[in-house]
Amino acid sequence: MIARRRFVLTAAAGTVLPVAATASHVQVAVLIRQLVGDAKLAEGRVKLDLPVLVENGNTVGMTVSVDAPPGAVHSLHVYAEANPLPEVCHIRFGPRAGVPRIQTRIRLATSQTVTAIAQMHDGTFWQDSVELLVTLAACID
Amino acid sequence: MVRVLLNVPRQVRRNEPFDVKLLISHPMESGQRRDAVGLAIPRDIINLLVVTYGNEEVLRMDLFPAIAANPFLAFSMTAVASGTLSITFTDDHGVTQSETATVEVV
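Chain order of the listed sequences is S and U. The opening residue of the first sequence carries number 1 in the working numbering; numbering runs sequentially from there. The opening residue of the second sequence carries number 142 in the working numbering; numbering runs sequentially from there.
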C-alpha cells in the first residue's frame, strides 16, 4: 500500500514538473550581453582551466586565471550553459586582491560548454570557453 | 553554524601576493533534487561570500547552485600592514557567519 502510494506520488510529480530543465546557449548569450553591454568581448587573457573529460559532475575542480597584473581585474564571471541555472559564480575583486587567479569546485549537470569572462578596470572584457564531456551528471535526483 | 577551514600563511611580506584557502562544510542543496517520495528538496545554498582585510574588501563572490557541496575557494591577496582577514557568508535563510584569521606582515 505504502509502496504503491509512493509510486503514484513520484509518477505524479514527474508529470507535473519537467525533470532537469536546463538552461540554453541563448540564455547564456543574453546574460553575457547584459554583463558586457556595448563593449567588445574578445578571446584571450583569461584562462579557464577545467578537465575536458569529467567523470563526476558533482565536484569539478575549476581554476580561472587572468593574464594581468594584480589590481587590473575588476571581476570574473562563469557560466555553464546546460546547467539548470546557467550562472556559476560572479567574483568582484577589491583593492587588496593579489594575483588574479581563483580556484573552486563546481557542479555540471551534463556535457556542455563552460564560459569564463573577465572584466578589467580599463573597461575591456575577455573570455575563454571549455567544451567538456561529463560521464556522471551532478545529482538532479 | 557550519564548520569552516580558513588557511592563511602566518607571516607574509608587505605587498607580496599570498594565497588564502577556504573550505566551508555546507551541503549547498541545489533545489533540483527530489526526496524518496518525489517531493522537491528546498534549495539551501550559501549565496554570498565577502572577504575583507582590515576595512578593505578583498573579494566579493556571488554563489549559485552550480557551486559544489562543501564550497572550496582559493584566491590571492596582498597586505601592507598586519591585520585581520575576515570571511563572512550568507545562506538562503539569511543566516550570516564569519571566520577570521590574523596575518602578520614582516
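For each residue, glycine too, the CB sits at the ideal point set by N, CA and C.
Leaving out five residues before and five after Asp232(U) in sequence, what residues of the same chain have Cβ atoms less than 6 Å from its Cβ? Ile187
Does Pro102(U) come within less than 9 Å of chain S when only Cβ atoms are used? Outside the displayed range of chain U (142 to 247) lies residue 102(U), so it cannot be described from this structure.
For Ala138(S), collect the residues of the same chain with a Cβ closer than 7 Å to its Cβ; drop the 5 residues on either side in sequence, then sort them by chain order. Gly57, Asn58, Arg107, Leu108, Ala109
Who are the neighbours of Pro95(S) on chain U, taking C-beta pairs under 7 Å? Glu197
Thinking Val46(S) and Asp128(S) are a contact (beta carbons under 8 Å), I'd like their distance in whole angstroms, please. 5 Å
Beta carbons nearer than 9 Å to chain U: which residues of the region 98-116 of chain S have them? Gly98, Val99, Pro100, Arg101, Ile102, Gln103, Thr104, Arg105, Ile106, Arg107, Leu108, Ala109
Should the region 59-71 of chain S be called in touch with the region 174-182 of chain U, which here means at least 3 C-beta pairs below 8 Å? no
Give me, in chain order, the residues of the same chain whose beta-carbon lies closer than 8 Å to that of Gly123(S); leave out the 5 immediate sequence neighbours on both sides. Ala39
If you follow the beta strand (DSSP E) that Ala242(U) is in, where does it begin and where does it stop? 237-246
Secondary structure of Arg33(S), DSSP reduced to three states: helix
Please report how far the alpha carbon of Glu131(S) lies from the alpha carbon of Pro51(S), in whole angstroms. 9 Å
Quick check on Gln112(S): does DSSP put it in helix, strand or coil? strand
Write down the C-beta distance between Ala116(S) and Val60(S) rounded to the nearest angstrom, noting that I regard them as a contact closer than 8 Å. Not a contact, Cβ separation roughly 13 Å.
Boundaries of the beta strand (DSSP E) in which Met202(U) is found, first to last residue: 197-204
Go through its chain and collect everything with a Cβ distance to Val153(U)'s Cβ below 7 Å, but skip five positions before and after it. Phe159, Ala220, Val244, Val246
Nearest neighbour of Ile32(S), chosen from Val134(S), Thr135(S), Ala118(S) [CA to CA]: Ala118(S)
His234(U), DSSP secondary structure in three states: coil
How about Cys89(S) and Ile228(U): are their beta carbons less than 9 Å apart? no
Thr22(S) versus Asp49(S) - alpha carbon distance: 23 Å
If the criterion is Cβ atoms closer than 9 Å, does the pair Ser217(U) and Pro100(S) meet it? yes
For the beta strand (DSSP E) holding Gly61(S), just list the boundary residues, first then last. 60-66
I need the DSSP call for Leu9(S), collapsed to helix, strand or coil. Confidence in Leu9(S) is poor, its pLDDT being 49 and thus under 50, which makes the residue's placement too unreliable to answer from.
Name the DSSP bridge partner or partners of Leu165(U)? The question names Leu, but residue 165(U) in the sequence shown is Ile. Answer is Val145(U), bridged to Ile165(U).
Does the CB of Ile32(S) have a neighbour CB from chain U at under 9 Å? no
Proximity to Ser166(U) [Cα-Cα], best of Met202(U), Gly235(U), Phe230(U): Phe230(U)
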